[in-house]
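J.: In my numbering, the protein residues as written are 23 to 533. Ideal placement from N, C-alpha and C gives every residue a C-beta, glycine not left out. Have a look at the structure that comes next, please.
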Amino acid sequence: MFSSDRAKFLFGSPIFSSLWFLLFSIVRIVIEIRLKEPFLYAEISTVAHFLSFYLLCYVVTAIIIFYGRNKGLYDALAWANVAFIILPFPPLIDYVVYVEPQIYSYAPQEHFLGNLLTVFSLYGDASWGQRILGIYVSFIIGLSVFLSHKNIIRAFIALLANYLYTSFVSVEWIRPLLPSGSTNVPEAIYISDSVINQGFTIYYVLIAHILLFTIWLFSHRNALPSLIASLRPIRSVHWVLVGWLGVALSPSPLPWELVISHLIVITFSCLLGWWFIALVNDYNDIAIDKLSNQNRLFVQMPQLINEREAWFCWLAITSTLTALSLGLVPFILMLCYLFGGIVYSVPPPLKLPKPRRYTISSSSIGAGSALFYIMGSMASVPLDGIAFKDLNWYVLFAITIGFGMAGYIKDEKDSFADKQAGIATLFTKLPYNQARKITGLLLFGGWCILLTISLNLYTFIVGSLCAIVAISLYSKQNNPLIQISLFQVFLAALIISGLLNKEVISDYIIW
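Written as structure tokens, this is what we have:
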């Protein structure tokens, strides 16, 4: 079908495929919602639920084609894009066939075997539009494999794999674990639906990640240590804890079920967003990492640089998608976080002049922490219910300034490599001892500001002990990971105290 490698390269590139997926998925969602009014009132979390389902289907389709044709990632994505063209049409087909919009739902677990053996006709769980979609996708998968190997058995196996996946994903396996969402109280409907949609979003995104990570690790068996080094586990915990702090100190009273759901979604969203920025930064700082961070992924395995576009697109989509399940405001905040990381990491012309970079470098830690704190605080707040006046602005200020000041300590570790690369930081512009005194004072000032947000005597004591240990250790060694860990202990104490004292409601979740 693709007559040239250039056409395959363009149509199957990760960036084009990401835009293709988003375009057809959004068109499908818009059509489905518009046809079902007034039967379906879609909240933002519903859109995230639908998108995550389509994303998993796209990933599985691409995986089957990838192994069936065995001609590389771009080839598999190009054929998956062809298969995805039909996505918007089932609601329109069903509207014509049934003369009314259809409400799509998952099949009960007890219907699984009957639907599997009768192409969804035994119980009538699939509409004609859904069946046509399934037949078309299976045909494209089988055709793509057959054209590659001219082997009918291989094509049939690929087609069968897609059918088995479709049969499995159409069943409500995790639905019994979630609330019913059926109640006449509007607030209860909104809250229950939020828990349901967030549960499905994480379920589909997690499965997609497990599939892709397993396949990637199988192909790159020696890459795991380097990948872990690039993802920076200790720093990753910081971003999650800041998001959790926002949930813990959120002014909105919520049921415990939704609070727990928020904590889970925040974990995924913050991790994926931070990993996106970490890998983008690693790619643009390869020369520096060869001197100071030789265990990073792109330094240890340069051949993986060719996969960077797929990494970046995948992490950007999944981080914003999980944030979308929390609400429109968290989604916008995640976009700001990702954009800020790109502006900081990429080379000219987007990169700021070098004399300003060391100022932006550490302040970006405070700004990113502030964004994730607001994300947690504003989770699942309807757009017309946003009240920024209820946000704890002083905590936001303290997080921004405190972590921004303390973040300068990280520049010491990379001072030699930064100097070789011409990167302007305190340690490359000033004598070493003078720079260390300044960063020590900034660390002390950051702790002083952060201690003012202590919620009670217990958190103040924990924070004070962490500050004393951090400052005393900084005078003896230059490993910033210990300092980061002590900040995390203080954040954890604030989160526990905030959750224990959080105002909750208990009659809005119907099981």
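Just the C-alpha distance for Leu138 and Ile421, rounded to the nearest angstrom, thanks.
T.: Here residue 138 refers to the residue found at position 116 of the sequence shown. Here residue 421 refers to the residue found at position 399 of the sequence shown. About 53 Å.
J.: For Val193, which three-state DSSP category applies?
T.: For this step, residue 193 is matched to residue 171 along the sequence shown. Of the three classes helix, strand and coil, the one that applies to Val193 here is strand, per DSSP.
J.: Pull up the DSSP beta-bridge partners for Ala129, would you.
T.: Residue mapping note: residue 129 aligns to position 107 of the sequence shown, counting from 1. DSSP, once it has assigned bridges, lists Val193 as partnering Ala129.
J.: Considering only the alpha carbon of each residue, which of Ser39, Ala492, Ile504 and Phe512 lies closest to Ala98?
T.: Taking the sequence shown and counting its residues from 1, one reaches residue 98 at position 76. The residue with the shortest Cα to Cα distance from Ala98 is Ser39.
J.: When the Cα of Ile232 is compared with those of Val81, Ser507, Phe394 and Tyr480, which residue comes out closest?
T.: As a working mapping, residue 232 is identified with position 210 in the sequence shown. Distances from the CA of Ile232 to each of Val81, Ser507, Phe394 and Tyr480 were compared; the closest alpha carbon is that of Val81.
J.: Distance check for Trp296 and Gly429, CA to CA, integer angstroms please.
T.: Counting from 1 along the sequence shown, the entry for residue 429 is found at position 407. Counting from 1 along the sequence shown, the entry for residue 296 is found at position 274. One C-alpha to the other measures close to 16 Å.
J.: Roughly how many angstroms separate the alpha carbons of Ile55 and Val49, rounded to a whole number?
T.: Residue 55 sits at position 33 when you count from the first residue of the sequence shown. Residue 49 sits at position 27 when you count from the first residue of the sequence shown. The alpha-carbon atoms of Ile55 and Val49 are separated by roughly 10 Å.
J.: Would you kindly work out how many angstroms separate the C-alpha atoms of Pro352 and Leu413, rounded to a whole number?
T.: Position 330 of the sequence shown, counted from the first residue, corresponds to residue 352. Position 391 of the sequence shown, counted from the first residue, corresponds to residue 413. Linking Pro352 to Leu413 through their CA atoms gives a straight-line distance of about 14 Å.
J.: Is there contact between the stretch 119-132 and the stretch 188-195, where contact requires at least three CB pairs shorter than 8 Å?
T.: yes
J.: Using 8 Å as the threshold, is the C-beta distance between Phe394 and Ser341 below it?
T.: In the sequence shown, residue 394 corresponds to position 372, counting from 1. In the sequence shown, residue 341 corresponds to position 319, counting from 1. It is not a contact, given that the beta carbons lie outside the stated cut-off.
J.: Looking only at its chain, what residues have a beta carbon closer than 6 Å to the beta carbon of Tyr521, apart from the 5 residues adjacent to it on each side?
T.: Within the sequence shown, residue 521 is the residue found at index 499, counting from 1. Position check: residue 521 holds Leu in this sequence, whereas Tyr was assumed. Cβ neighbours of Leu521 beyond the five flanking positions: Ala270.
J.: Helix, strand or coil: which one does DSSP assign to Leu477?
T.: In the sequence shown, counting from the first residue as 1, residue 477 sits at position 455. Leu477 falls in the coil class under three-state DSSP.
J.: Which whole-angstrom value is the C-beta distance of Ser160 and Ser67, which I expect to be below 8 Å?
T.: Sequence index remark: in the sequence shown, residue 160 carries index 138 (1-based). Sequence index remark: in the sequence shown, residue 67 carries index 45 (1-based). The C-beta distance from Ser160 to Ser67 rounds to 31 Å, too long to meet the 8 Å contact threshold.
J.: Span of the alpha helix (DSSP H) holding Val81?
T.: As a first step, residue 81 is located in the sequence shown; it is residue number 59 there, counting from the start. That run of the alpha helix (DSSP H) goes Ile66 to Arg91.
J.: So Val262 and Thr289 are in contact, right, with Cβ under 8 Å, and what is the actual spacing, rounded?
T.: In the sequence shown, residue 262 corresponds to position 240, counting from 1. In the sequence shown, residue 289 corresponds to position 267, counting from 1. That pair is a contact at about 5 Å.
J.: Less than 8 Å separating the beta-carbons of Trp333 and Leu301?
T.: Taking the sequence shown and counting its residues from 1, the one referred to as residue 333 is at position 311. Taking the sequence shown and counting its residues from 1, the one referred to as residue 301 is at position 279. Yes, Cβ-Cβ distance for Trp333 and Leu301 is below 8 Å.
J.: For Lys312, report the span of its alpha helix (DSSP H) as first-last.
T.: The residue you call residue 312 lines up with position 290 of the sequence shown. Start and end: Ile308 to Ser314.
J.: From this set, Asn317, Asn478, Ser248 and Trp101, which residue's C-alpha is nearest Thr83's C-alpha?
T.: Taking the first residue of the sequence shown as 1, we reach residue 83 at position 61. Comparing Cα positions, the closest option is Trp101.
J.: For Ser386 and Gly362, what's the separation of their Cα atoms in angstroms?
T.: Reading the sequence shown from its first residue, position 364 is the one you call residue 386. Reading the sequence shown from its first residue, position 340 is the one you call residue 362. Spanning the two alpha carbons is a distance of roughly 8 Å.
J.: Between the Cα of Leu360 and the Cα atoms of Asp307, Leu343 and Ser347, which residue gives the shortest distance?
T.: Start at 1 with the first residue of the sequence shown, and residue 360 comes out as number 338. Residue Leu343 is the option with its Cα nearest to Leu360.
J.: Going by beta carbon distance, what residues of the same chain come within less than 6 Å of Ser367, once the five residues before and after it are set aside?
T.: Here residue 367 is taken as the residue at index 345 of the sequence shown, counted from 1. The residues are Val302, Asn303 and Asn306.
J.: Could you check what DSSP says for Leu109 in three-state terms: helix, strand or coil?
T.: Sequence index remark: in the sequence shown, residue 109 carries index 87 (1-based). If DSSP states are grouped into helix, strand and coil, Leu109 belongs with coil.
J.: How would you label Leu513, buried or exposed, when you count the other beta carbons within 10 angstroms and need 16 or more for buried?
T.: Mapped onto the sequence shown, residue 513 falls at position 491. With 16 or more other Cβ atoms within 10 Å, it is buried.
J.: Helix or strand or just coil, what does DSSP make of Leu452?
T.: As a position in the sequence shown, residue 452 is number 430, starting the count at 1. Residue state, collapsed to three classes: coil.
J.: By alpha-carbon positions, which one of Leu77, Glu65, Arg153 and Arg91 ends up nearest to Phe111?
T.: Counting from one through the sequence shown, the residue named residue 111 turns up at place 89. Of Leu77, Glu65, Arg153 and Arg91, the residue nearest in Cα terms is Arg153.
J.: Run the CB neighbour count on Phe33, radius 10 Å, all protein chains shown included, and call it buried at 16 or more, exposed below.
T.: By one-based count along the sequence shown, residue 33 stands at place 11. Burial of Phe33 is indicated by the presence of at least 16 other C-beta atoms within 10 angstroms of its C-beta.
J.: With a CB to CB cut of under 7 Å and the five nearest residues on each side skipped, what residues in its chain are close to Gln510?
T.: On the sequence shown, residue 510 is found 488 positions in, with the first residue counted as 1. Here the set comprises Val259, His260 and Leu263.
J.: Exposed or buried, Arg91, counting other C-beta atoms within 10 Å across all chains shown (16 or more means buried)?
T.: Taking the first residue of the sequence shown as 1, we reach residue 91 at position 69. It is buried - the Cβ of Arg91 has at least 16 other Cβ atoms within 10 Å.
J.: Would you mind working out which of Asn328, Arg330, Ala309 and Glu329 sits nearest Val321, comparing C-alpha positions?
T.: Your numbering for residue 321 matches position 299 in the sequence shown. The shortest C-alpha separation from Val321 is found at Ala309.
J.: Rounded to whole angstroms, how far is the Cβ of Thr481 from the Cβ of Ala515, which I believe are closer than 8 Å?
T.: Indexing the sequence shown from 1 puts residue 481 at position 459. Indexing the sequence shown from 1 puts residue 515 at position 493. Going by Cβ atoms, the distance from Thr481 to Ala515 rounds to 5 Å, so yes, they are a contact pair.
J.: Let's test the definition: count the other Cβ atoms within 10 Å of the Cβ of Phe178 and tell me whether it reaches 16, buried, or not, exposed.
T.: Position 156 of the sequence shown holds residue 178. So Phe178 ends up on the exposed side.
J.: What number of angstroms, rounded off, separates the C-alpha of Leu348 from the C-alpha of Leu293?
T.: Against the sequence shown, residue 348 aligns to sequence position 326. Against the sequence shown, residue 293 aligns to sequence position 271. Leu348 and Leu293: Cα-Cα distance of roughly 15 Å.
J.: Could you check which residue in Lys172, Ala183 and Leu109 has the C-alpha nearest to that of Tyr158?
T.: Against the sequence shown, residue 158 aligns to sequence position 136. Checked all of Lys172, Ala183 and Leu109; the closest Cα to Tyr158 is Leu109.
J.: Is DSSP giving Leu276 helix, strand or coil here?
T.: Taking the first residue of the sequence shown as position 1, residue 276 is located at position 254. The answer is strand: DSSP assigns Leu276 an E or B state.
J.: Which same chain residues end up closer than 7 Å to Ala183 when comparing Cβ atoms and leaving out the 5 residues on each side of it in sequence?
T.: If you number the sequence shown from 1, residue 183 lands on position 161. So the qualifying residues of the chain are Ile86.
J.: Is Lys432 helix, strand or coil when you go by DSSP?
T.: Along the sequence shown, one-based indexing puts residue 432 at 410. The answer is helix: DSSP assigns Lys432 an H, G or I state.
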